[in-house]
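So for the sequence shown, numbering that gives the first Met the number 0 puts the first residue at 0; every next one is plus one.
Before any comments, here is the structure.
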Amino acid sequence: MRHQQKYLLLSFFLLALAALAPNLFVAAQAGLASLSSLAVMFLLPSVFLIFVAIILAKRFNYVDLYNLAINGIVAGIISTVALEVFRVGGFKLGLMPGDLPRLMGVLLLDQFASGPDNWSDVAGWAYHFWNGAAFGLIFSLTVGPTKIWHGLLFGLLIGVGFMMSPVVKSLGIGRFGVNFKDGYQFAITVLVAHAAYGIALGGLLKKWNDGIPNFLTRIELLKDKSNF
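Spelled out as structure tokens, the structure:
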């Protein structure tokens, strides 16, 4: 019983930490605080603690949790490459109003006045790919052995959430980009890019997580044991 409880506690801890990174940019664009200060207070500590938790999972011999976490992070990073194929393509075709990773980097290093440079680009792209890894971690832990359509749905939900967030409002294009050019190009580009992310994520984790129970299954097992 205690083994399962510790396993679940560590799983919830990982989920909470993973949820931090993608929401910091949203919080900054909502005016709650600067992204640079949020990165110092929350982003860097959360990244560090995620890897500490993964090491603890390995140390406590929580093999399933360790594999779910590593698989999710790696799959999330690879799937972000799939997203970027369509996002960069859309940006170069003028279907998006700006280069988001570059904007992230400028805000992370607090150099909006001076503009982007090589270091801010590295920071922005690193943050962008870490967000993809964080979403992959969340998906892997909650869904475990998945199906491709689960990943597709997950990717689309991320895309819709992004287009409803304060980020697009700060870009001056309205929710779903209705005020940008023809009013649909931005939304289509975002949805296609996130669909590519989700399909890649679902496909990778369908193979990598095969036979590994997710934490929801662990909760059911714990409930069954407590009924005896």
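Don't be surprised by glycine CBs; every beta carbon is placed ideally from N, CA and C.
On a predicted model such as this, the values are computed, not experimentally measured, just so you know.
Ordered along the chain, which non-local residues of its own chain (more than five positions away) have a Cβ less than 7 Å from that of Ala-56?
Leu-9, Leu-64, Tyr-65 and Ala-68
Does the contact criterion of 3 or more C-beta pairs under 8 Å hold for the stretch 101-116 versus the stretch 26-43?
Touching, yes, given that three or more Cβ pairs across the two stretches are closer than 8 Å.
Taking only the alpha-carbon atoms, compute the straight-line gap between Gly-131 and Val-46 and give it to the nearest angstrom.
When rounded, the distance between both Cα atoms is 13 Å.
Which residue spans inside the stretch 20-81 form an unbroken alpha helix (DSSP H) run of at least 4?
Scanning the stretch 20-81 from its first residue to its last, the whole alpha helix (DSSP H) runs of 4-plus residues come out as 34-37 and 43-58.
Between Leu-94 and the rest of its own chain, which residues show a CB-CB distance below 7 Å, the 5 nearest in sequence each way excluded?
Gln-184, Phe-185 and Thr-188
Hey, out of Gly-150, Leu-140, Leu-203 and Asp-181, whose CA is closest to Ile-53's CA?
Leu-140
Spatial distance of Leu-23 from Gly-210 (CA atoms)
If you take the alpha carbons of Leu-23 and Gly-210, they lie about 34 Å apart.
By the DSSP assignment, the alpha helix (DSSP H) with Tyr-196 in it spans what residues?
184-207
Ordered along the chain, which non-local residues of its own chain (more than five positions away) have a Cβ less than 8 Å from that of Ile-147?
Ile-198, Gly-201, Gly-202 and Lys-205
Just the Cα atoms here: how many angstroms apart are Asn-208 and Asn-70?
7 Å
Output the boundary residues of the alpha helix (DSSP H) element that contains Phe-253.
The first residue shown for the chain is 0 and the last is 227, placing residue 253 beyond what the model contains.
In whole angstroms, what separates the C-alpha of Phe-227 from that of Arg-1?
Caution applies to Phe-227, whose pLDDT of 38 falls short of 50 and renders its modelled position unreliable; the value that the coordinates give is listed next. So the alpha carbons of these two residues sit roughly 15 Å apart.
Less than 9 Å between the beta carbons of Asn-213 and Gly-143, yes or no?
yes
Taking just the CA atoms, how far does Leu-215 sit from Phe-170?
First, the amino acid is wrong: residue 170 is Leu here, not Phe. Near 38 Å, if we compare the C-alpha coordinates of Leu-215 and Leu-170.
Taking buried to mean at least 16 other C-beta atoms within 10 Å of its own C-beta, is Arg-86 buried or exposed?
Flag for Arg-86 reads buried.
Quick one: what does DSSP say Gly-210 is sitting in, helix, strand or coil?
coil
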